[in-house]
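**Q**
Number of protein chains: 2
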Amino acid sequence: MGERKTIMETFQPVAGGICAAQGFSAAGVHCGIRHNHSKLDLALIKAEVRCAGAGCYTTNKVYGAPITVDREHLQDGYAQAIVVNSGNANTCAPNGIQLAQDTCGLVAQALGIDANDVLPASTGVIGQAMELAPFEKGVPAAAAKLAATPEGSHDAATAIMTTDTHAKEFAVEFTIGGKTCRIGAIAKGSGMIHPNMATMLLFMTTDAKVEPAVLQKALSTVVPATFNQISVDGDTSTNDTVLLLASGLSGAEVAEGTADYDTFVAALTVVAEHLCRELAADGEGATKLLECTVTGAPDLATARAVSKSVIHSTLFKAAMFGADANWGRVLCAIGYTPGDFDISKTAVRLKSRAGEVFVCENAAYHPYSEEEAAKVLKEDEIEILVDLGCGDATAKAWGCDLTYDYVKINGDYRT
Amino acid sequence: MGERKTIMETFQPVAGGICAAQGFSAAGVHCGIRHNHSKLDLALIKAEVRCAGAGCYTTNKVYGAPITVDREHLQDGYAQAIVVNSGNANTCAPNGIQLAQDTCGLVAQALGIDANDVLPASTGVIGQAMELAPFEKGVPAAAAKLAATPEGSHDAATAIMTTDTHAKEFAVEFTIGGKTCRIGAIAKGSGMIHPNMATMLLFMTTDAKVEPAVLQKALSTVVPATFNQISVDGDTSTNDTVLLLASGLSGAEVAEGTADYDTFVAALTVVAEHLCRELAADGEGATKLLECTVTGAPDLATARAVSKSVIHSTLFKAAMFGADANWGRVLCAIGYTPGDFDISKTAVRLKSRAGEVFVCENAAYHPYSEEEAAKVLKEDEIEILVDLGCGDATAKAWGCDLTYDYVKINGDYRT
Numbered sequence: 001m002g003e004r005k006t007i008m009e010t011f012q013p014v015a016g017g018i019c020a021a022q023g024f025s026a027a028g029v030h031c032g033i034r035h036n037h038s039k040l041d042l043a044l045i046k047a048e049v050r051c052a053g054a055g056c057y058t059t060n061k062v063y064g065a066p067i068t069v070d071r072e073h074l075q076d077g078y079a080q081a082i083v084v085n086s087g088n089a090n091t092c093a094p095n096g097i098q099l100a101q102d103t104c105g106l107v108a109q110a111l112g113i114d115a116n117d118v119l120p121a122s123t124g125v126i127g128q129a130m131e132l133a134p135f136e137k138g139v140p141a142a143a144a145k146l147a148a149t150p151e152g153s154h155d156a157a158t159a160i161m162t163t164d165t166h167a168k169e170f171a172v173e174f175t176i177g178g179k180t181c182r183i184g185a186i187a188k189g190s191g192m193i194h195p196n197m198a199t200m201l202l203f204m205t206t207d208a209k210v211e212p213a214v215l216q217k218a219l220s221t222v223v224p225a226t227f228n229q230i231s232v233d234g235d236t237s238t239n240d241t242v243l244l245l246a247s248g249l250s251g252a253e254v255a256e257g258t259a260d261y262d263t264f265v266a267a268l269t270v271v272a273e274h275l276c277r278e279l280a281a282d283g284e285g286a287t288k289l290l291e292c293t294v295t296g297a298p299d300l301a302t303a304r305a306v307s308k309s310v311i312h313s314t315l316f317k318a319a320m321f322g323a324d325a326n327w328g329r330v331l332c333a334i335g336y337t338p339g340d341f342d343i344s345k346t347a348v349r350l351k352s353r354a355g356e357v358f359v360c361e362n363a364a365y366h367p368y369s370e371e372e373a374a375k376v377l378k379e380d381e382i383e384i385l386v387d388l389g390c391g392d393a394t395a396k397a398w399g400c401d402l403t404y405d406y407v408k409i410n411g412d413y414r415t
Numbered sequence: 001m002g003e004r005k006t007i008m009e010t011f012q013p014v015a016g017g018i019c020a021a022q023g024f025s026a027a028g029v030h031c032g033i034r035h036n037h038s039k040l041d042l043a044l045i046k047a048e049v050r051c052a053g054a055g056c057y058t059t060n061k062v063y064g065a066p067i068t069v070d071r072e073h074l075q076d077g078y079a080q081a082i083v084v085n086s087g088n089a090n091t092c093a094p095n096g097i098q099l100a101q102d103t104c105g106l107v108a109q110a111l112g113i114d115a116n117d118v119l120p121a122s123t124g125v126i127g128q129a130m131e132l133a134p135f136e137k138g139v140p141a142a143a144a145k146l147a148a149t150p151e152g153s154h155d156a157a158t159a160i161m162t163t164d165t166h167a168k169e170f171a172v173e174f175t176i177g178g179k180t181c182r183i184g185a186i187a188k189g190s191g192m193i194h195p196n197m198a199t200m201l202l203f204m205t206t207d208a209k210v211e212p213a214v215l216q217k218a219l220s221t222v223v224p225a226t227f228n229q230i231s232v233d234g235d236t237s238t239n240d241t242v243l244l245l246a247s248g249l250s251g252a253e254v255a256e257g258t259a260d261y262d263t264f265v266a267a268l269t270v271v272a273e274h275l276c277r278e279l280a281a282d283g284e285g286a287t288k289l290l291e292c293t294v295t296g297a298p299d300l301a302t303a304r305a306v307s308k309s310v311i312h313s314t315l316f317k318a319a320m321f322g323a324d325a326n327w328g329r330v331l332c333a334i335g336y337t338p339g340d341f342d343i344s345k346t347a348v349r350l351k352s353r354a355g356e357v358f359v360c361e362n363a364a365y366h367p368y369s370e371e372e373a374a375k376v377l378k379e380d381e382i383e384i385l386v387d388l389g390c391g392d393a394t395a396k397a398w399g400c401d402l403t404y405d406y407v408k409i410n411g412d413y414r415t
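Respectively, the protein sequence lines represent chains A and B. Heads up: the first sequence at position 364 corresponds to 364 in full-length UniProt numbering, and the numbers run straight through without jumps. Heads up: the second sequence at position 221 corresponds to 221 in full-length UniProt numbering, and the numbers run straight through without jumps.
1) Which partner residues of S231/B appear in the DSSP bridge assignment?
2) Could you tell me which whole beta strand (DSSP E) segments of length 3 or greater appear in the segment 329-397 of chain A?
3) Just to confirm, are V407/A and A318/B a CB contact at a threshold of 8 Å?
4) Could you work out which residues of chain A lie near G189/B, taking near to mean beta carbons separated by less than 7 Å?
5) Beta-carbon of N196/A versus every beta-carbon of chain B: anything under 8 Å?
6) For F321/A, collect the residues of the same chain with a Cβ closer than 8 Å to its Cβ; drop the 5 residues on either side in sequence, then sort them by chain order.
7) Can you name the residues of chain A whose CB is closer than 8 Å to the CB of S237/B?
8) Beta carbon of C332/B, beta carbon of N60/A: below 8 Å?
9) How would you list, in chain order, the residues of chain A whose beta-carbon sits under 8 Å from the beta-carbon of T287/B?
10) If distances are taken between C-alpha atoms only, which option among A281/A, K375/A, T269/A and A143/A comes closest to E381/A?
11) Kindly provide the ranges of any alpha helix (DSSP H) runs that are 4 or more residues long and lie completely inside the segment 281-335 of chain B, ordered along the chain.
12) Quick one: which unbroken alpha helix (DSSP H) runs of 4-plus residues sit fully inside the segment 8-80 of chain A? Chain order, please.
13) Note down, in chain order, all residues in the segment 315-326 of chain B with a beta-carbon under 9 Å from any beta-carbon belonging to chain A.
14) Relative to the C-alpha of T394/B, which candidate in G28/B, I384/B, V294/B and E370/B has its C-alpha closest?
15) Suppose the cutoff is 6 Å on Cβ atoms and the five residues either side in sequence are ignored; what does the same chain contact list for F341/A look like?
16) Of all the CB atoms in chain B, is at least one closer than 8 Å to the CB of T269/A?
17) Looking at the secondary structure, which residues open and close the beta strand (DSSP E) in which T205/B lies?
18) Going by DSSP in three states, I409/B sits in which element: helix, strand or coil?
19) Evaluate contact between the segment 12-22 of chain B and the segment 143-163 of chain B, counting only Cβ atoms and requiring at least three cross-stretch pairs below 8 Å.
20) When you compare only the Cα positions, how much space is there between M204/B and A148/B?
21) Who are the near neighbours of S86/A in its chain, counting only those whose CB is closer than 6 Å to its CB and skipping five residues on each side?
22) Going by beta-carbon coordinates alone, are I384/A and C276/A separated by less than 8 Å?
23) Once the 5 residues before and after D387/B are set aside, which same chain residues still bring their CB inside 6 Å of it?
24) Give me whichever residues DSSP pairs with C181/B in a beta bridge.
25) Looking at A115/A: is its Cβ nearer than 8 Å to the Cβ of A108/A?
26) Does the beta carbon of K46/A sit closer than 8 Å to a beta carbon anywhere in chain B?
27) Determine which residues of the segment 75-92 of chain B have a Cβ less than 7 Å from any Cβ of chain A, and write them out in chain order.
28) Would you kindly work out how many angstroms separate the C-alpha atoms of L300/A and V214/B, rounded to a whole number?
29) Can you find the residues in the same chain that come closer than 6 Å, C-beta to C-beta, to N196/A, ignoring five residues on each side of it along the sequence?
30) Can you find a CB in chain B that lies within less than 8 Å of the CB of T403/A?
31) Identify each residue in the segment 54-66 of chain B for which the Cβ-Cβ distance to at least one residue of chain A is less than 9 Å, and report them in chain order.
32) Using C-beta distances below 7 Å, list every residue in its chain close to I113/A, excluding the 5 sequence neighbours before and after it, in chain order.
33) If we ignore side chains and look at the alpha-carbon of each, how far apart do K396/B and G77/B end up?
34) From the DSSP output, read off the bridge partner residues of S86/B.
35) With contact counted as at least three CB pairs below 8 Å, one residue from each stretch, are the segment 51-59 of chain B and the segment 177-190 of chain B in contact?
36) Is N410/B close to chain A, meaning its C-beta is less than 8 Å from at least one C-beta of that chain?
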């Protein structure tokens, strides 16, 4: 028992972002897709060796051309580089697939690898023609920069930003079979940018040794519990993409059905949850991070749906902006969650570093101090704790408040 | 062919609102549930005779106590009065059902009818105790006012308002079997009011002679195509209620499976669509009415889901506030609509009284003038015409733009 470690002891945050794991280098450059010369717009991530690869993509019936190419290039389960541009989503654009393939060709040439091992991703305006010219200049430049200064995780994270207010990187170190391994990541938020939609992009790397099918299984386990539980505005983008590459260079083997596999999934989850919080907190116009934890649900699907329903409620998000303990809006959002479950035992608590208020018991008002509640809700990270009281399933979801700035960014951007 | 009438000729708008049909009187009074003495807060609608009755209610698992009582009182298919208060939703409140029943008792006593024939409804704050005292004073006052001035539709429509900016009434006259009959209605919007949620309430009356089961069938046909296709903020309220009473006093009989039934459903639809437009246009903070018409859908469910998805998209709503022809957000919302359908032939047009712009063809950019589009979108009623190009099904949905004022009303109401 004395040996039992906390999650943060088991998975220690380390520097390095997407380059933290052995075998990965990254760079970000300005190649001219964006007109602002000071804004990086092309990221390149390179692995020293062919890696097992896994991907999860948007469920929108409209999706970006790069996603078609990613699916194709990951059919054999391996990849060696990721190339990402911001400024143009390459979605509903003429010759989009050809352009994405040509970009992979440029990367292959610059890095001396197979074009089939390159995974493209794009974010930015949709429906506008994309030119190859910026890539013809930018890809060799990124490859050169990456060779000169391989630890360019921050530049890569910066190059994929759209309306994000800061670059997002994270990495953890942990042990598998006595061997130290790492998972690193960069991400950008699912915000929107004039004049069209953008995307949530996540790229993760690890030096654990994982077979492609096992890697995909691990990613497909973690994504529904984490990235699919974020909502900034409820609009599922056309380009959402999560890619994960495993170099195996740590020598730490992760086989399915083992305790090591569970450790690996737990590590992926730590990285994913950290980035979920960062992405939600940096939602467009957001002043507060909202994290809803549902316990006591009859099943996992209900737990996930209820937590997401709460942080997705426009009314509740607006109430959080106003620091009002509007538990009725939480209960309402729980009530319209699809599925057949009992709401009569529902309890709701609102919590932050300033304290906790118990606002709803058995689906009805629980006496609380409005003053105390206002103090709790003035903080910038709010936990909404929902106990359905009718089972053992739990889930989390992350969102942000709805503010004047959200309307400004997405509606009033012409004025 | 020369005899063919337009819809507006067949169903002529008339004055009188909820009192337009034979046998109905109404009144609105201030009874003290609201603290503002100048705000009416209790509406009473009385029929001279027992009426066939029908109801449709919120699908939220959390629902108001009056809904339980309505379901019970309509089990026999008949009712004679409707009593509605604003200021307190009687939802998640102690002894709510008992209070709703006691209110019915007061109405029965004041009007000399059976308590089982009274249908209650409430809108306002949830989770707060409701007192009987205001009803003890208000119900007899409303009954007296209704006897003195029976044409009080406007007062009744005013008494049920919460954040609505104006009272909503409508009535049409039409002919069934050579007999003139009418459908009248009052409504309030699904807006929200400090500090909790409110409701969409619709009350309709007709002097057509319709059996209860047929009346329910007609209402259950019209509601999914109309009121269920409105979205102001996507939050399904706990108290949404539509009630319809048929006095039969016109002598115009409506039997199932006849052309007269179709006429009756068409008349109900005209009234419902008119009120849908009014409710959406008066959405909280709204500056524009959005009406999305989907054609060419493979089936009705897809047509309804796609149209509702478009007018429900936060991003698209914000773009409409900014008068930006952001067709990518329309396409995105169509793309994430659940269900399996082809989006590749999708065409999108934006239309208003200032003109029409063709912005998307075959799910890709269709050349248009930004200047022309801005002119079209500066109007206060915008039509979004979506043709999926893969079937015959059509549907409409109504919404409004997302504005600074929405955030102010729902979030910043404490400042």
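Idealized CB from N, CA, C, for every residue including glycine.
**A** Reading it off the structure:
1) G399/B
2) 347-352, 355-361 and 381-387
3) yes
4) In chain order: nothing, as chain A lies at least about 14 Å away.
5) At N196/A the pLDDT is 40, less than 50, meaning the model places this residue with poor confidence; the figure from the coordinates comes in the next sentence. Yes, contact with chain B.
6) T287, K288, D401, L402 and T403
7) C332
8) yes
9) Going along chain A, no residue has its Cβ under 8 Å from T287/B, so there is no contact; the nearest lies around 10 Å.
10) A281/A
11) 300-312, 314-321 and 327-335
12) 65-73
13) L315, F316, K317, A318, A319, M320, F321, G322, A323, D324, A325 and N326
14) V294/B
15) P298 and T302
16) no
17) L201 to T206
18) helix
19) yes
20) 22 Å
21) D41, T123, G124, I160 and T162
22) no
23) T295, G296 and A347
24) F174/B
25) yes
26) no
27) C92
28) 41 Å
29) Interpretation of N196/A is limited by its pLDDT of 40, a score under 50 that renders its predicted location unreliable; no figure is taken from the coordinates.
30) yes
31) T58, T59, N60, K61, V62 and Y63
32) Q80 and A81
33) 30 Å
34) T123/B
35) no
36) yes
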